[in-house]
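Undergrad:
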Amino acid sequence: MAKNMSELQAERAKFKPVLPAILKNGAGAVVARQGKRTESISDQETVNKLFENTYGLPVVTFAKGKNPSAVKKAVKIGVVLSGGQAPGGHNVIAGLFDGLKKANPKNKLIGFLGGPSGILDNKWKEITAPYMDHYRNTGGFDIIQSGRTKIETPEQFEQAKNNILDNKIDALVVVGGDDSNTNAALLAEYFKKEGTGISVVGVPKTIDGDLKNEQIESSFGFDTATKIYSELVGNICRDVNSARKYWHFVRLMGRSASHITLEVGFKTQPNITLIGEEILAKKMTLSSVVDNIVGVIAERAELGKNFGVALVPEGLIEFIPEMKELISALNDAMADNEEKLNEMGSVGDKKNFVCGLLPENLASLLKSLPSAIAAQLMLDRDPHGNVQVSQIETEKLLIEMVKVKLRDLKKAGLFKGKFSAITHFFGYEGRCGAPSNFDANYTYALGYNAAVLALNGLTGYISSVRKLLKKSSDWVCGGVPLTMMMNIERRKGKEKPVIQKALVRLDGAPFKTLLQNRDNWALTESYIFPGPIQYFGPSAVTDMTTKTLAYEQKGK
Ligand code: FBP
13 MAKNMSELQA ERAKFKPVLP AILKNGAGAV VARQGKRTES ISDQETVNKL FENTYGLPVV
73 TFAKGKNPSA VKKAVKIGVV LSGGQAPGGH NVIAGLFDGL KKANPKNKLI GFLGGPSGIL
133 DNKWKEITAP YMDHYRNTGG FDIIQSGRTK IETPEQFEQA KNNILDNKID ALVVVGGDDS
193 NTNAALLAEY FKKEGTGISV VGVPKTIDGD LKNEQIESSF GFDTATKIYS ELVGNICRDV
253 NSARKYWHFV RLMGRSASHI TLEVGFKTQP NITLIGEEIL AKKMTLSSVV DNIVGVIAER
313 AELGKNFGVA LVPEGLIEFI PEMKELISAL NDAMADNEEK LNEMGSVGDK KNFVCGLLPE
373 NLASLLKSLP SAIAAQLMLD RDPHGNVQVS QIETEKLLIE MVKVKLRDLK KAGLFKGKFS
433 AITHFFGYEG RCGAPSNFDA NYTYALGYNA AVLALNGLTG YISSVRKLLK KSSDWVCGGV
493 PLTMMMNIER RKGKEKPVIQ KALVRLDGAP FKTLLQNRDN WALTESYIFP GPIQYFGPSA
553 VTDMTTKTLA YEQKGK
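According to my numbering, the sequence shown is numbered sequentially starting from 13.
What follows is the structure, given as structure tokens:
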């Protein structure tokens, strides 16, 4: 066993991902079938104008056929890992590496270091076979690290182009979420406009599960991360059921979408599963969200059950209309006054300054929040203009408000129970876990497929591997135009083309399944204890993927 390697890692190193049959013989045995011209999901005219050279590309599906031109010339490909870590990133690079070497042993793969800033600073490392082997089937992005730098100014686009041309790179593969793939689309457009011949191909990554559509059934990492959180939440459910004295409030990552919370809800069946998208659709106030929680706590208390588990999506705060309005106004005010705010030392000064810029109702809402939450709402935005919801302790805010309401109910003789709460936040714990069999196979296929897209000279596409509920050998491969997934949204105070996030659909089968069950789960102890991810053993345990995918794909 190599130094610094656990027993599990040593065994996992031997795992051989099973490629979709269509990719098995390499790029030379695959032809790209093109579908019809596509349109962006909305704002077609504006998106078209912004992507004059890459708009409207057809969806591509790979089929068997001889393709000598994809393997003839030796090429050099650059890869970058962008944004938050997600289990399986190393296998994307392994698939890319193997796909390139199978096509032509002289092909080269280099990895830009530390995310997109590596492209701008020209920091890279060649991925060689022994280096790659050390990382196969492992979690993390440490093979070349990641970062959230956004390539946005004209100078940065020019710098990226020059560095890529100087390194004689033929194609760039961007492994990222919606924001990073938006950046990939912009780079593809710029490189095409400049006549560089450099292809850009994206790979759908994010534990959040919100980069998906008809052709992208799931982003990678969602499967493993939700399995890790479900193990932890299942353990808490069992602890709660054993001790019967605490309420546990668990905030789960997922930024703007509640897919992770919903999936963990299915896998563990806790008493409360809050879904941000539902709260937005029902235009619920913070106070009414708290009333609903209090309702369940009080009903359980009547049954003598002063315990339970509640799941809270980390993006919840952004879904409550009044908070959403406040965050959006804060985003604009902070973007317009970035320099001034940076000069201010104390949070109090910042709050006073910002309150002066907000409409009266929003200023008083900000002032009414506990000071820790107000400070967390005013933290710096990420480079894409997103509020950093991972830093906002919504579960603590909810508990404080629940306590106040229960105190009032107690005074009125309407609550005779006890309420003692414990908080958790699970996010970073799941992002670098060793990929499940599903994610190990899926990411390897996505990377290999990205190599085939690049070797065909395709640009402005995201790697698409479909029919994910089938055996991996039967998966369908191809590419989806990035512009097809775009719309116009307000970012950092300006209208921008971005890939639309796939939120939980309230008319979708996963959410409807929650609706059918949640009243029962609220008052009973229907908890499920999924236990840790299994890498060895019966296929029903090792190869199953998410309930979300199973419900979404049922009947398709
Ligand atoms: P990506 O969208 O880049 O995959 O990141 C997802 C995520 O894990 C969110 O769930 C979370 O809110 C955020 O990253 C945290 O970001 P950071 O790692 O910068 O703290």
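Note that beta-carbon positions come from the ideal geometry of N, C-alpha and C, so glycine has one too. Since we're looking at a predicted model, the values are computed, not measured.
(1) Just to confirm before moving on: does the CB-CB distance between Ala44 and Gly491 stay below 9 Å?
(2) Consult DSSP for Ala433 and reduce its assignment to one of helix, strand or coil.
(3) According to the neighbour-count rule (16 or more other Cβ atoms, all chains shown, within 10 Å of its Cβ), is Asp451 buried or exposed?
(4) Applying the 10 Å Cβ sphere with the 16-neighbour rule, what's the burial state of Pro544?
(5) If you measure from the CB of Val324, is any heavy atom of the ligand FBP nearer than 8 Å?
(6) In angstroms with no decimal places, state the Cα-to-Cα distance between Ile155 and Ala172.
(7) Whose CA, out of Thr208, Lys217, Glu201, lies closest to the CA of Gly472?
(8) Does the beta carbon of Gly8 fall short of 8 Å from some heavy atom of the ligand FBP?
(9) With Gln46 as the anchor, note down where its beta strand (DSSP E) starts and where it stops.
(10) Around the C-beta of Glu64, are 16 or more other C-beta atoms found within 10 angstroms, so that it is buried, or is it exposed?
(11) Mind checking whether Cys444 and Phe153 have CB atoms under 9 Å apart?
(12) Quick check: what's the CA-CA separation for Glu507 versus Leu494?
(13) Using CA atoms only, rank isn't needed, just tell me which of Gly111, Asn116, Gln56, Ile53 is closest to Lys84.
(14) From this set, Leu526, Ala521, Lys352, Tyr454, which residue's C-alpha is nearest Lys28's C-alpha?
(15) When you compare each of Leu526, Arg478, Arg503, Tyr563 to Thr73 by their alpha carbons, which one comes out closest?
(16) So for Glu51, helix, strand or coil by DSSP?
(17) Have a look at Glu243 and Thr558 and give me their C-alpha separation to the nearest angstrom.
(18) DSSP beta-bridge partners for Ala75?
(19) In its own chain, which residues sit with a C-beta less than 8 Å from the C-beta of Leu274, not counting the 5 before and 5 after it?
(20) Please confirm whether any heavy atom of the ligand FBP lies closer than 8 Å to the CB of Val401.
(21) Which word fits Gly123, buried or exposed, when buried means at least 16 other C-beta atoms lie within 10 angstroms of its C-beta?
(22) Report back the beta-carbon spacing between Cys367 and Lys379 to the nearest angstrom; my notes put them in contact at under 8 Å.
(23) DSSP three-state call for Arg502: helix, strand or coil?
(24) Taking 8 Å as the cut-off, does the CB of Gly152 come closer than this to any heavy atom belonging to the ligand FBP?
(25) Going by C-alpha distance, which of Met296, Asp190, Ala33, Ile181 is nearest Gly96?
(26) How would you write the range of the alpha helix (DSSP H) that Cys367 sits in, first residue to last?
(27) Excluding the 5 residues preceding and the 5 following Pro395 in the sequence, name in chain order all residues of the same chain whose CB lies nearer than 7 Å to its CB.
TA: So, from the listed chains and residues:
(1) yes
(2) strand
(3) buried
(4) exposed
(5) no
(6) 21 Å
(7) Glu201
(8) With the chain represented from 13 up to 568, any question about residue 8 goes unanswered, as that position is not in the structure.
(9) 42-46
(10) exposed
(11) yes
(12) 18 Å
(13) Asn116
(14) Tyr454
(15) Arg478
(16) coil
(17) 14 Å
(18) Val43
(19) Thr285, Ile287, Val516, Pro522, Phe523, Leu526, Thr560
(20) yes
(21) buried
(22) 6 Å
(23) strand
(24) no
(25) Asp190
(26) 359-369
(27) Arg160, Thr161, Lys162
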